[in-house]
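These notes are about the structure you will find just below.
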Amino acid sequence: MYTFSEIKIALSESLAKIEQFIQTVSPAILHAKPTVKWSIAEELFHLISSDMGSAQAFCQSVATLRETKHNLRNYNEIITEYREKYATGGTVIPTRLIPNEETHNRQQMQFLDDFSKAASALQQSLSTWTEDTLDLFTVWKHPLLGPVTAREMLFFTIFHNRHHLASMQAKQTCLENNAKM
């Protein structure tokens, strides 16, 4: 998964799996917290905000972007670096990505609609990028990874989507099993 075509396919698959997952979450489980961490609803809010933020990063004019000055990282390097920094307490989540009170009032269909809009915006935001331009510019400074190119941002976004999907699926399973007891 290194060419732009492969990246777009992986991104599309991660977004589609999250949309499919949202449709399986019962209202009783959506806002329940099986752990001290976020509920499924809170993780969805975080994903919607993150993916919309990624879409905005990709919509920036090339004229406003800086040329890349760091060594380029592949998918595995991005994920390894992120996990290492996260594990050492480097967790920094921008305020706009943290669930708020409004999150607790949203229902399944609103999350599905909001996520579908974010997924669509993210995929459309890639229309001006090409294989040749993905590594030329820094599109964002990630709190843990530092400056990232468009390709690196896509690598992280795919990982981030997959990570939160697995987390939400585990929470759903845990809550459903507890409800059966």
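Take 1 as the starting number for the sequence shown in the UniProt record's numbering and just add one per residue.
Glycine included, C-beta positions come from ideal geometry on N, C-alpha and C.
Nothing here was measured: the structure is a model prediction, and the numbers come from that model.
Where residue i falls, given that 16 or more other Cβ within 10 Å makes a residue buried
i	result
S127	exposed
Y86	exposed
H70	exposed
M153	buried
H164	buried
R83	exposed
R66	exposed
M109	exposed
T103	buried
D114	buried
T173	exposed
T68	buried
Bridge partner(s) assigned by DSSP for residue i
i	result
T138	R66, T149
Own chain, CB closer than 8 angstroms to residue i, minus 5 neighbours either side, in chain order
i	result
A166	none
N178	P34
K24	Correcting the residue type first, residue 24 is Thr in the shown sequence and not Lys. So the qualifying residues of the chain are Q172.
Residues of its chain near residue i, where Cβ-Cβ distance is below 6 angstroms and the 5 sequence neighbours each way are ignored
i	result
T157	S54
S14	I158, N161, R162
Pair within 8 angstroms by beta-carbon distance, residue i and residue j
i	j	result
F111	A41	yes
A10	M52	no
I22	L175	no
F4	T130	yes
N161	L47	yes
S116	F58	no
Q123	S12	yes
E81	L134	no
P27	K171	no
Beta-carbon contacts of residue i that lie in its chain and below 7 angstroms, excluding the five residues immediately before and after
i	result
K8	L126
P147	H70, T138, K141
M168	F21, I40, E43
I18	L47, F115, N161, L165
A121	M52, A55
### Query
Below 8 angstroms, can you find three or more Cβ-Cβ pairs linking the region 130-138 to the region 76-83?
no
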